[in-house]
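Worksheet: one structure, shown below.
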Amino acid sequence: MSPHQTIELVEFETRYFQRSNLPEEEAQRIYIQYGDKVNVEWPTLKTQYKWRLTSLGWVGYIPLANYGGISLKPKVTLRNLFGMLEYAYDLKSFKLLEGHYESNSIRDFYERLATVLAERVLKRIRQGLYRTYIEEHTSLSFVRGKLDLGVLCSSPVRSRVVCYSEDHTLDIEDNQILAWTLHNIVRSGLLTREKPLNVARKADRILRNSISLKCFTGIGCANRTYNRLNADYEILHKLCRFFLDNTGPTQDTGGHSMIPFLVDMAHLFELFVSRWLEEKIDSRYLVQRQESLYIGKQSTLRMQMDILISDRQSQKPLCVLDTKYKRDNSVSPSDYYQVVAYADAVSCQQAALIYPSESLVPFDAKPGGIRVRTIVFDLGTDLDDAGKKFIQTLYSILENAA
Numbered sequence: 045m046s047p048h049q050t051i052e053l054v055e056f057e058t059r060y061f062q063r064s065n066l067p068e069e070e071a072q073r074i075y076i077q078y079g080d081k082v083n084v085e086w087p088t089l090k091t092q093y094k095w096r097l098t099s100l101g102w103v104g105y106i107p108l109a110n111y112g113g114i115s116l117k118p119k120v121t122l123r124n125l126f127g128m129l130e131y132a133y134d135l136k137s138f139k140l141l142e143g144h145y146e147s148n149s150i151r152d153f154y155e156r157l158a159t160v161l162a163e164r165v166l167k168r169i170r171q172g173l174y175r176t177y178i179e180e181h182t183s184l185s186f187v188r189g190k191l192d193l194g195v196l197c198s199s200p201v202r203s204r205v206v207c208y209s210e211d212h213t214l215d216i217e218d219n220q221i222l223a224w225t226l227h228n229i230v231r232s233g234l235l236t237r238e239k240p241l242n243v244a245r246k247a248d249r250i251l252r253n254s255i256s257l258k259c260f261t262g263i264g265c266a267n268r269t270y271n272r273l274n275a276d277y278e279i280l281h282k283l284c285r286f287f288l289d290n291t292g293p294t295q296d297t298g299g300h301s302m303i304p305f306l307v308d309m310a311h312l313f314e315l316f317v318s319r320w321l322e323e324k325i326d327s328r329y330l331v332q333r334q335e336s337l338y339i340g341k342q343s344t345l346r347m348q349m350d351i352l353i354s355d356r357q358s359q360k361p362l363c364v365l366d367t368k369y370k371r372d373n374s375v376s377p378s379d380y381y382q383v384v385a386y387a388d389a390v391s392c393q394q395a396a397l398i399y400p401s402e403s404l405v406p407f408d409a410k411p412g413g414i415r416v417r418t419i420v421f422d423l424g425t426d427l428d429d430a431g432k433k434f435i436q437t438l439y440s441i442l443e444n445a446a
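Going letter by letter, the sequence shown gives residues 45 to 446 in this note's numbering.
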């Protein structure tokens, strides 16, 4: 395997590689760091003395230290994948992805979106980064702001005084999120073209001159408050969440580190369906994602539903939806029992399992008080057409439940 060769794996598909094509040290690294994303089987009689690699439902790119990388390709078209990401991360209204559907790979898409973020950050830097007042409580050799009289009275003889003051600073979370995200993008090793890399490096360098580098996860970018002075930060943080949500563990390789870009397709499918419903469903219905219930006298058992649809006016639960992004084309007993338990917990008589392919064997049963059906949101066709068909089926269920 040449230093720049890329191993390509499609979701849930298995490929064999000659023993000489993958050094064992790299196979061990994949197995240890990414075993839940790529299944690695060592060359044995069972594998015809070849490496056997299977993608486990993740999409993206894993850079390897010395031997290229692994490109994890989706079963769906790239256009549909980008459409799912657009809905899932609420980027559609900002029209950010226009012109980027022509990306010919996940890596190319990553690079294009990273450039969009870096250029928008540089534009905001030229305008001036958002600042706010932060209260400080510090011991100083001079009076600044207000004296802390409580401390002063308890110990009047002091060489320093404790003061309350306000600092008008730009080293705040809004900017720290941008700095951390761009720092990770630059270290990812996924920016291969000169212009995107230079733009990202410039934004990273300027931010780190005045902003503390603090670790954030994708969830830290959500549910933030904006005003007229930082309204444009909303889209910046949405982009940051996209990158931080899909960033894998750092690989330290001698003098530098590399960060893989990995999208959990099962999570993306759930997020996409819920966001799509929030935008498209009739206003009579309320869509709640990741609704949690605690069961037991001491609430020791936590149940979390993918999607709960209720009547907006009465708040009555109408249907529990559970997304199933998997290679199986039929309902498994565990899938059935799980969604029945969810529905029973909220006193709901309708439940549906949502699958991404028309190859699914249809299921419709009501052995007890809860009727369970399958619905398809077909990712193999145009998303808008698939969505219309999906929601019409869902409406028929909701009307029976009302």
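Idealized CB from N, CA, C, for every residue including glycine.
Same chain, Cβ closer than 7 Å to residue i, neighbours up to 5 away in sequence not counted
i	result
Val375	Leu397, Phe407 and Thr418
Ala223	Leu251, Arg252, Ile255 and Leu257
Asp426	none
Lys42	Absent from the structure is residue 42, since the part of the chain shown begins at 45 and ends at 446.
Gly413	Gln393
Met128	Leu312 and Phe316
Trp102	Lys81, Leu116, Leu306, Val307, Asp308 and Met309
Val383	Val364, Asp366, Ala395, Leu397 and Val416
Arg59	Leu53 and Leu97
Three-state secondary structure assigned by DSSP to residue i
i	result
Ser318	helix
Trp86	coil
Cys363	strand
Tyr369	coil
Pro107	strand
Arg151	helix
Val405	coil
Thr213	strand
Ala387	helix
Thr269	coil
Leu344	Position check: residue 344 holds Thr in this sequence, whereas Leu was assumed. Thr344: coil per DSSP, three-state reduction.
Asp308	strand
Thr297	Reliability fails at Thr297, whose pLDDT of 45 lies under 50, so the model's placement of it is uncertain and the value that follows must be treated cautiously. Residue state, collapsed to three classes: strand.
Leu116	strand
Gln332	strand
Ala396	strand
Asp422	coil
Among the options, nearest to residue i - alpha-carbon criterion
i	options	result
Thr225	Thr236, Tyr154 and Asp80	Tyr154
Glu447	Lys246, Pro87, Arg249 and Met349	Absent from the model: residue 447. The displayed extent of the chain is 45 to 446, so no value can be given.
Lys410	Leu404, Gln393 and Glu130	Gln393
Ile263	Thr291, Asn242 and Arg245	Thr291
Asp428	Arg123, Gln359 and Leu362	Arg123
Gly112	Asn219, Glu70, Ser99 and Arg59	Glu70
Thr218	Met128, Gly340 and Ala266	In the sequence as displayed, the identity of residue 218 is Asp instead of Thr. Of the candidates Met128, Gly340 and Ala266, the one whose C-alpha sits nearest the C-alpha of Asp218 is Ala266.
Ile303	Gly101, Arg168, Asn228 and Leu365	Asn228
Glu130	Lys167, Phe313, Lys81 and Glu180	Phe313
Same chain, Cβ closer than 6 Å to residue i, five either side skipped, listed in chain order
i	result
Ile178	Asp211 and Thr213
Thr91	Glu85
Leu449	Since the displayed the chain opens at 45 and closes at 446, residue 449 lies outside it and no answer follows.
Spatial distance of residue i from residue j (CA atoms)
i	j	result
Glu402	Ser440	19 Å
Leu108	Glu68	12 Å
Arg237	Tyr105	16 Å
Asn444	Arg328	14 Å
Pro87	Asp388	48 Å
Cys207	Thr182	6 Å
Ala247	Leu235	14 Å
His311	Ile279	21 Å
Leu423	Asp215	43 Å
Lys94	Phe61	6 Å
Gln332	Asn148	35 Å
Leu100	Arg175	44 Å
Lys432	Leu321	11 Å
Leu460	Phe126	Not covered by the structure: residue 460. The range shown for the chain is 45 to 446.
Thr98	Ser64	18 Å
Ile221	Val120	31 Å
Same chain, Cβ closer than 8 Å to residue i, neighbours up to 5 away in sequence not counted
i	result
Asp134	Lys282 and Arg319
Ser354	Tyr329, Leu330, Gln332, Lys360, Pro361 and Leu362
Leu241	Val230 and Leu235
### Message
Assess contact between the stretch 54-69 and the stretch 112-124, defined as three or more Cβ pairs (one per stretch) separated by less than 8 Å. Is contact present?
### Response
The stretch 54-69 is in contact with the stretch 112-124.
### Message
Using 8 Å as the cut-off, can you tell me whether the stretch 266-286 makes contact with the stretch 69-80, which would need three or more C-beta pairs spanning the two stretches below that distance?
### Response
Result no; under three Cβ-Cβ pairs closer than 8 Å.
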